[in-house]
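Have a look at the structure below before the remarks.
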Amino acid sequence: MSDGPAYGFDTLQIHAGSRPDPATGARQTPVYQTTAYVFRDADHAAALFNLQEVGYIYSRLTNPTVAVLQERMATLEGGAGAVCCSSGHAAQIMALFPLMGPGRNIVVSTRLYGGSVTQFSQTIKRFGWSAKFVDFDDFDAVRAAIDEDTRAVFCESIANPGGYITDLDEIAKIADAAGLPLIVDNTSATPYLCRPIEHGATLVVHSMTKFLTGNGTVTGGVIVDSGRFDWSASDKFPSLSEPEPAYHGLRFHETFGPLAFTFHGIAVGLRDLGMTLNPQAAHYTLMGIETLSLRMQKHCENAEKVAGWLEKHPAVKEVTYAGLESSPWHDRVARICPKGAGGLFTVALKGGYDACVKLVDSLELFSHVANLGDTRSLIIHSASTTHRQLTQEQQVAAGASPDVVRISIGIEDADDLIADLEQGLAAAGG
Ligand SMILES: *Cc1c(COP(=O)(O)O)cnc(C)c1O
2 MSDGPAYGFD TLQIHAGSRP DPATGARQTP VYQTTAYVFR DADHAAALFN LQEVGYIYSR
62 LTNPTVAVLQ ERMATLEGGA GAVCCSSGHA AQIMALFPLM GPGRNIVVST RLYGGSVTQF
122 SQTIKRFGWS AKFVDFDDFD AVRAAIDEDT RAVFCESIAN PGGYITDLDE IAKIADAAGL
182 PLIVDNTSAT PYLCRPIEHG ATLVVHSMTK FLTGNGTVTG GVIVDSGRFD WSASDKFPSL
242 SEPEPAYHGL RFHETFGPLA FTFHGIAVGL RDLGMTLNPQ AAHYTLMGIE TLSLRMQKHC
302 ENAEKVAGWL EKHPAVKEVT YAGLESSPWH DRVARICPKG AGGLFTVALK GGYDACVKLV
362 DSLELFSHVA NLGDTRSLII HSASTTHRQL TQEQQVAAGA SPDVVRISIG IEDADDLIAD
422 LEQGLAAAGG
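Following this line, the structure appears as structure tokens:
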């Protein structure tokens, strides 16, 4: 698509980044199932390897199908560029990789996807990195946690699993005052509901496995760079501001400006870490994104109905959905997620752990799976599954207490979902 008029989201989710195939006229983006690309001649090959010319070398770094998805995601998030990778967790490591080094830390929200809590509290220690977990509603605590070795601030827009919405504007101000990039995991909201860059985020990461693909067929991730962070303003980000020995002393920020992070992600991150998205997965994700806005509207509409019904059920202790008037974060919806609070929430049952397990086992339409953001409605008892590796204190902080189930509302008929929950709660002893 050319730089024409400023199109709306529904148009961009179909057209951004794609054009009829120049070789065949194929209207849909072809799956370029190829590992390598023939160089025009030796000079062309040298220019590509020196990053003097942009083009295709080898599919660990770049692939035309993946490139369309990168451009589409950058456009939908309002960023300068994007790098796709093999999963949401890969995107998190790839986002941190150019910023971090041994002894450096990140300041992160306690309210995160369970796998991210494990990645940040355990696995990144192997690289000599560490994370400080803070309640992101306590702005003074966030400020106080930042020290000389901090290299990024990390949170989720709509936090999984608890239906919590981060005040991105306030957190962005804190990161900005400290000269640090804010990284926002926008998986649960998608760019249709929330555009973190408009609230001051530097980088946006996604698990494309969830709502973006939307049908539970692939794992994929992406990092979108706003292109707005000044990597050379301090000496904190030498990978982007200092000469890179593997490219004859090229400085990424000086050379590529707002695309520095994107080029580094491809030319160093994908080249050496190899967490590449395959073109077939990119194809499925592109298919999913074409209907993103329609699905997200229905996810939100259904979630509001089901959460509202559950809240009044006698077996239910609490429903945490930011779309409900009763939510302490309800007033943030209009500002942070103006089109709706998403399709995810948690339900606490008066019957505790046992009732949760029985509910999960009794449902017929809801699938008991460790996934979210599918067209199908999904349920999981986080404390015995995704958040099992965490301490009880971490579980509670992450909104995954033992008496809580996480629900991802699909796009089926809301009445059918309510009927299934009604029989499930009755079976659970409600
Ligand atoms: C699923 C998920 C991830 C991890 O993504 P994968 O594609 O499973 O690696 C990260 N963050 C959030 C919010 C998620 O829901």
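In our numbering, the protein residues as written are 2 to 431.
Where is the CB? At the ideal position from N, CA and C, for every residue including glycine.
Check                                                                                                                                                      : Outcome
Closest to G430 by C-alpha separation, out of A91, Q123, R296, G353, would be which residue?                                                               : G353
With respect to 8 Å, is the separation between the Cβ of K211 and the closest non-hydrogen atom of ligand 1 below this value?                              : yes
Quick one: what's got a C-beta closer than 7 Å to A308's C-beta in the same chain, skipping five residues either side?                                     : V320, Y322, G324, L325, F346
Can you tell me whether G425 is helix, strand or coil according to DSSP?                                                                                   : helix
Would you call H45 buried or exposed, if buried means 16 or more other Cβ atoms sit within 10 Å of its Cβ?                                                 : exposed
So F155 and I184 are in contact, right, with Cβ under 8 Å, and what is the actual spacing, rounded?                                                        : 5 Å
Going by Cα to Cα distance, which pick from T218, D416, G341, G129 is closest to M209?                                                                     : T218
Can you tell me the Cβ-Cβ gap for L241 and H254, rounded? I've got them flagged as a contact below 8 Å.                                                    : 5 Å
Opposite E319 in the DSSP bridges: which residues?                                                                                                         : A349
How is L445 classed by DSSP in three states: helix, strand or coil?                                                                                        : Limits of the chain in this structure are 2 at one end and 431 at the other, which puts residue 445 out of reach.
Counting pairs of Cβ atoms below 8 Å between the segment 369-376 and the segment 414-428, do you hit three or more?                                        : no
Our contact map puts V406 next to V361 with C-beta atoms below 8 Å; I'd like the distance itself, whole angstroms only.                                    : 6 Å
Which parts of the segment 350-414 are runs of the alpha helix (DSSP H), unbroken and 4 residues or longer, counting only runs that do not cross its ends? : 353-363, 393-398
Which word fits D375, buried or exposed, when buried means at least 16 other C-beta atoms lie within 10 angstroms of its C-beta?                           : buried
Please find out if some non-hydrogen atom of ligand 1 comes closer than 8 Å to the beta-carbon of D186.                                                    : yes
Nearest to G1 by alpha carbon, out of L13, I267, A176, Q123?                                                                                               : Only positions 2 to 431 of the chain appear in the structure, and residue 1 is not among them; the question remains open.
Return the CA-CA distance between V84 and R73, expressed in angstroms with no decimal places.                                                              : 11 Å
Quick one, which of M297, T25, Y59 has its alpha-carbon nearest Y38's?                                                                                     : Y59
Pull up the distance between the alpha-carbon of A27 and that of S87, whole angstroms please.                                                              : 26 Å
Looking at the unbroken alpha helix (DSSP H) that takes in A146, where does it start and where does it end?                                                : 140-146
Per DSSP, what kind of secondary structure is I224 in: helix, strand or coil?                                                                              : strand
Between K359 and I172, what straight-line distance do the alpha-carbon atoms span, to the nearest angstrom?                                                : 39 Å
Take S294 as the anchor and find which of D273, G258, T214 has the nearest alpha-carbon.                                                                   : T214
Go ahead and pull the three-state DSSP assignment for K313.                                                                                                : coil
So, T119 versus L391, is the Cβ gap smaller than 9 Å?                                                                                                      : yes
Give a yes or no on whether the C-beta atoms belonging to P403 and C357 are separated by under 9 Å.                                                        : yes
Tell me whether the beta-carbon of S131 lies closer than 9 Å to the beta-carbon of D186.                                                                   : no
Go through the segment 146-231 residue by residue and report every complete run of the alpha helix (DSSP H) that reaches 4 residues or more, in order.     : 169-178, 191-194
Measuring alpha carbon to alpha carbon, tell me which of A48, P31, P197, D417 ends up nearest D22.                                                         : P31
Suppose you measure from the CA of A349 to the CA of I175; what does that come to, to the nearest Å?                                                       : 33 Å
Under 9 Å, do C195 and I147 count as touching if we go by C-beta distance?                                                                                 : no
Spatial neighbours of H265 within its chain, please: C-beta separation below 7 Å, excluding the five flanking residues on both sides.                      : P99, S240, L241, F253
Can you have a look at G258 and say buried or exposed, based on whether 16 or more other CB atoms are within 10 angstroms of its CB?                       : exposed
Just the Cα atoms here: how many angstroms apart are V317 and S328?                                                                                        : 15 Å
Suppose you measure from the CA of A261 to the CA of E365; what does that come to, to the nearest Å?                                                       : 49 Å
Identify which residue in V205, H90, D226, A282 has its Cα closest to the Cα of T124.                                                                      : H90
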